[in-house]
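Below: the structure, in structure tokens.
4 protein chains.
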Amino acid sequence: MPSPIKEKADPRRSSEDKRAAILRAAIKVFARKGYFSSKVADVAAAAGIADGTVYLYFKNKEDLLHSIFDRAMAEFIEEGRREIESIASPAARLRRIAELHLEKLGADRDLAVVFQVELRGSTKFMREFSAAGFSEYLGIICKTIEEGQRAGEFRGDIKPIIAGKILYGALDEMVTNWILSKNDYQLPPMAGEVMKIYSEGMTK
Amino acid sequence: MPSPIKEKADPRRSSEDKRAAILRAAIKVFARKGYFSSKVADVAAAAGIADGTVYLYFKNKEDLLHSIFDRAMAEFIEEGRREIESIASPAARLRRIAELHLEKLGADRDLAVVFQVELRGSTKFMREFSAAGFSEYLGIICKTIEEGQRAGEFRGDIKPIIAGKILYGALDEMVTNWILSKNDYQLPPMAGEVMKIYSEGMTK
Amino acid sequence: MPSPIKEKADPRRSSEDKRAAILRAAIKVFARKGYFSSKVADVAAAAGIADGTVYLYFKNKEDLLHSIFDRAMAEFIEEGRREIESIASPAARLRRIAELHLEKLGADRDLAVVFQVELRGSTKFMREFSAAGFSEYLGIICKTIEEGQRAGEFRGDIKPIIAGKILYGALDEMVTNWILSKNDYQLPPMAGEVMKIYSEGMTK
Amino acid sequence: MPSPIKEKADPRRSSEDKRAAILRAAIKVFARKGYFSSKVADVAAAAGIADGTVYLYFKNKEDLLHSIFDRAMAEFIEEGRREIESIASPAARLRRIAELHLEKLGADRDLAVVFQVELRGSTKFMREFSAAGFSEYLGIICKTIEEGQRAGEFRGDIKPIIAGKILYGALDEMVTNWILSKNDYQLPPMAGEVMKIYSEGMTK
DNA sequence: AATGAATGAGCATTCATTCAT
DNA sequence: TATGAATGAATGCTCATTCAT
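Chains as they are written, first to last, in this note's numbering: chain H, 10 to 213; chain U, 10 to 213; chain Y, 10 to 213; chain W, 10 to 213.
Below, the structure is given as structure tokens:
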């Protein structure tokens with residue numbers, strides 16, 4: 010049994026902690042000032058470290074943005090898979106995905122801003138993100154739709170890839186509207202609203 | 010018969026022409042290099058004018074982006090209203106809006122890139138756009154949905170504003186996917202795909 | 010006959026003037042603070058222009074150093090050739106080259122410092138300079154020695170390329186010692202001292 | 010019989026070894042990347058130690074360069090004096106000095122690069138080096154020339170200090186050319202070539 | 001003695017904008 | 001109107017050096 014006294018002695022723990030702290034600071038700063046307007050010095054200050062220290066944990070400013078996406082997406086996908094595997098019905102699984110999507114981003118407004126706004130500021134990013142975790146996420150949605158079609162829960166005259174994009178697009182718009190909205194309402198409940206139309210459109 | 014020699018004599022026409030030319034150049038440049046990576050000098054070069062001349066027609070670089078949006082949005086909305094007013098059924102009107110949305114952006118890839126990517130690079134822009142033409146566009150969609158509900162064509166248990174966002178989000182996602190896609194397919198036909206699900210979900 | 014009233018209208022003249030002024034400023038600054046310690050801003054300030062203006066005339070800081078060398082070397086070689094062609098005897102020509110070498114650098118201490126010190130701070134520069142004007146200069150010396158050998162003025166048992174390097178090395182050392190020396194003496198007379206030994210060694 | 014186990018026990022020996030190892034690493038790194046482009050971390054890595062350890066043996070980066078010069082110069086001068094004292098004729102002594110100069114640097118290309126290129130990158134260094142070992146070295150050459158003049162081996166109408174610089178300059182140029190040359194030839198034989206001219210010029 | 005994580009000063013370069021012509 | 005030379009503010013990143021362990 011490892012001695013808790015040596016807590017600081019585990020370099021991995023400490024290093025990961027600092028990395029995470031910088032990332033949290035970056036999310037906050039990027040969300041408030043925008044990626045291009047944010048200075049690396051702002052992020053460092055928000056994280057309570059020296060400017061140069063950022064570069065011990067991240068290759069450059071762009072790497073910060075990438076890492077925010079990678080980390081959040083990986084977490085989200087892992088969490089999503091875990092939640093979903095225990096749900097039998099594809100239709101119910103899809104509904105749960107929608108809920109998780111809005112719960113996750115609804116729980117962290119800064120992260121949502123980075124996802125909805127900052128990550129879309131360039132085709133370069135967009136392309137890379139499409140290629141990366143995003144397409145994996147869309148893949149999970151599509152697979153669920155296919156299963157629903159095979160199970161007879163969803164109509165079979167619709168291409169899963171298109172149905173998937175439609176759901177994603179609808180949810181995405183909900184999030185974007187939420188972060189731009191002045192009056193603050195709860196985001197997660199919107200999942201039900203979306204599914205009210207979507208599942209009806211998919212069933213018949 | 011108007012003398013072609015005097016063509017330049019109409020200052021307004023000439024001025025508007027040059028303004029439009031600069032805007033076209035800006036759309037091209039922004040779409041290819043991204044707004045932040047584009048230099049005002051690039052736009053000037055693409056328009057075949059001197060750098061300083063840009064400032065005779067636009068307040069600054071940001072004004073170029075704004076003007077691209079304003080102009081395209083105004084055109085789109087005007088065109089949309091004209092097309093729609095002759096269509097009796099709200100359901101058919103909504104379908105026509107979806108078609109127009111994808112036709113318009115599908116016809117000008119550069120403009121689509123600016124709309125889907127460059128205009129979203131900052132919360133500042135996003136907020137302003139929401140406040141501007143975008144909410145007017147969403148308003149048209151919502152109004153049509155409301156009319157459809159009153160006419161009994163659409164189910165009444167759904168809030169028009171949410172149904173509107175869902176449609177917009179789905180269409181928006183179609184456009185984004187299209188511009189990021191390597192294989193070039195036709196965008197307008199996707200309107201049918203979207204409506205196949207959406208109208209079913211709205212009807213019942 | 011061009012009107013002198015439009016003096017400023019000749020952009021080439023004006024542009025070349027400013028380029029030369031920046032180069033002069035760079036020589037001064039580099040000589041006093043050293044190339045690596047000099048800031049581009051220092052050069053700009055010394056030239057009485059804004060920092061950014063330097064980049065309208067030179068690619069970057071390194072280009073300043075290159076240009077100093079290129080320009081001075083081209084001037085020197087051209088001047089040298091002109092002076093030499095009217096001298097019949099190869100031995101006298103060689104003597105004149107030695108004199109010119111020390112006259113040129115002895116007339117501009119800052120330029121001499123840049124040549125003797127700053128230009129040698131990296132193998133990269135050294136290699137490039139060797140490949141460039143420097144080898145042309147050495148070529149002129151060697152050719153003169155060869156002609157002297159053919160004319161029977163110089164002994165024939167010595168490789169011209171080596172004899173050339175020896176002369177160049179001796180002169181170069183005179184210049185280096187001169188710029189490092191605190192007590193200021195005249196550099197040009199050293200040419201005679203060098204030739205007193207060198208020509209004796211070459212003759213016999 | 011000294012126990013090899015206790016080898017590390019002699020702190021002076023061990024300490025000097027490490028100092029020497031760092032210096033060797035610095036010579037290699039500086040020669041390949043140039044002094045200004047080399048990082049202290051590069052030197053530490055080449056020496057197989059931690060970055061901070063360099064500062065236990067040297068004051069700072071500049072001290073590394075200084076120490077390379079001091080150490081090599083001291084070695085060279087000591088070795089030179091020893092070799093020379095047993096040679097009777099000043100002319101032969103001078104010849105031996107020239108040979109040693111090229112043998113020493115010709116045996117360690119990296120050291121030669123540092124001496125010919127990196128040590129000359131700033132007037133500050135140059136001045137300090139002049140004041141230090143370099144002038145001592147030149148002093149030995151001059152003294153030998155004086156002795157040659159008194160012995161009637163060398164002509165008396167030449168200032169020893171100038172004759173010394175000429176010889177040094179010629180040898181120096183040989184070394185510089187050698188390190189910049191792509192085709193690798195032997196440097197020491199060039200001593201003979203130099204002396205073929207020089208001694209003839211000095212004798213008469 | 002040795003480590004290496006953290007520091008933070010320092011700087012070349014870009015580019016939106018201006019304005020004299 | 002149009003030009004384009006000149007401006008100068010603004011910033012990401014490096015790396016020599018320190019110091020707690």
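Each residue gets a CB set at the ideal place from its N, CA and C atoms; glycine is no exception.
Bear in mind that the values here come from a model prediction, so they are computed numbers and not experimental data.
Residue-chain proximity (residue i, chain H), Cβ-Cβ < 8 Å
i: U:Met135; result: yes
i: U:Lys205; result: yes
i: U:Glu112; result: no
Below-8 Å beta-carbon distance, residue i vs any chain W residue
i: Y:Arg91; result: no
i: Y:Tyr183; result: Note that residue 183 of chain Y corresponds to Met in the displayed sequence, not to Tyr. Yes, Y:Met183 counts as interfacial toward chain W.
i: Y:Ala5; result: As displayed, chain Y neither begins before 10 nor continues past 213, which places residue 5 of chain Y out of reach and without an answer.
i: Y:Phe45; result: yes
i: Y:Val49; result: no
i: Y:Ile106; result: no
i: Y:Glu202; result: yes
8 Å Cβ cutoff, residue i in contact with chain U
i: H:Ala172; result: yes
i: H:Asn69; result: no
i: H:Asn186; result: yes
Range covered by the alpha helix (DSSP H) that runs through residue i
i: U:Glu202; result: 199-212
i: U:Ser144; result: 144-159
i: H:Lys174; result: 169-189
i: U:Lys70; result: 70-94
i: H:Gly61; result: 60-66
i: Y:Phe124; result: 118-125
i: Y:Leu109; result: 99-115
i: Y:Asp51; result: 49-56
Alpha-carbon to alpha-carbon, residue j and residue i
i: Y:Lys70; j: Y:Val49; result: 7 Å
i: U:Pro13; j: U:Arg80; result: Only weak support exists for where U:Pro13 lies, its pLDDT of 46 falling under 50; the value from the coordinates is given anyway. Approximately 28 Å between the Cα atoms of the pair.
i: W:Lys37; j: H:Ile36; result: 44 Å
i: U:Pro198; j: U:Glu156; result: 25 Å
i: H:Phe78; j: H:Glu25; result: 17 Å
i: H:Arg159; j: H:Ser144; result: 22 Å
i: Y:Leu180; j: Y:Val203; result: 7 Å
i: H:Arg41; j: H:Leu74; result: 14 Å
i: H:Ala121; j: U:Asn192; result: 30 Å
i: U:Leu128; j: H:Gln125; result: 12 Å
i: W:Ile93; j: W:Met211; result: 19 Å
i: U:Glu87; j: H:Ser76; result: 43 Å
i: H:Ala34; j: H:Gly130; result: 20 Å
i: Y:Val52; j: U:Ser47; result: 29 Å
Chain Y within 8 Å of residue i, Cβ atoms only
i: W:Glu209; result: yes
i: W:Ile36; result: no
i: W:Ser131; result: yes
i: W:Leu189; result: yes
i: W:Val123; result: no
i: W:Glu16; result: Summary for W:Glu16: the model assigns pLDDT 46, below 50, so the residue's position carries little reliability, and this model does not support an answer.
i: W:Ile167; result: yes
Nearest candidate by alpha-carbon position, reference residue i, set the options
i: H:Ile149; options: H:Val123, H:Ile167, H:Leu103, H:Val203; result: H:Leu103
i: U:Ile170; options: U:Gly161, U:Arg164, U:Glu162, U:Lys152; result: U:Lys152
i: W:Leu176; options: W:Val123, W:Lys191, W:Ile106; result: W:Ile106
i: U:Phe45; options: U:Glu162, U:Gly201, U:Val123, U:Met211; result: U:Val123
i: H:Tyr66; options: H:Glu88, H:Gly89, H:Gly201, H:Ser23; result: H:Ser23
i: W:Gly89; options: W:Ile188, W:Lys168, W:Gly142, W:Glu127; result: W:Gly142
i: H:Ala83; options: H:Ile96, H:Ile167, H:Leu189, H:Tyr146; result: H:Tyr146
i: W:Gly173; options: W:Ile154, W:Ile96, W:Ile188; result: W:Ile154
i: Y:Pro99; options: Y:Asp119, Y:Arg91, Y:Glu162; result: Y:Glu162
i: H:Leu218; options: H:Arg164, H:Asp119, H:Met211; result: Look at the range of chain H in this structure, 10 to 213, and you will see that residue 218 of chain H is not part of it.
i: U:Gly115; options: U:Tyr64, U:Asp51, U:Gln195; result: U:Gln195
Inter-stretch contact at 8 Å, needing at least 3 Cβ pairs: the region 104-113 of chain U / the region 175-186 of chain U: They touch, by the three-pair rule.
The region 27-34 of chain U touching the region 43-62 of chain U, judged by at least three CB pairs closer than 8 Å: The region 27-34 of chain U vs the region 43-62 of chain U: in contact.
Three CB pairs or more closer than 8 Å across the region 130-150 of chain H and the region 204-211 of chain H: no
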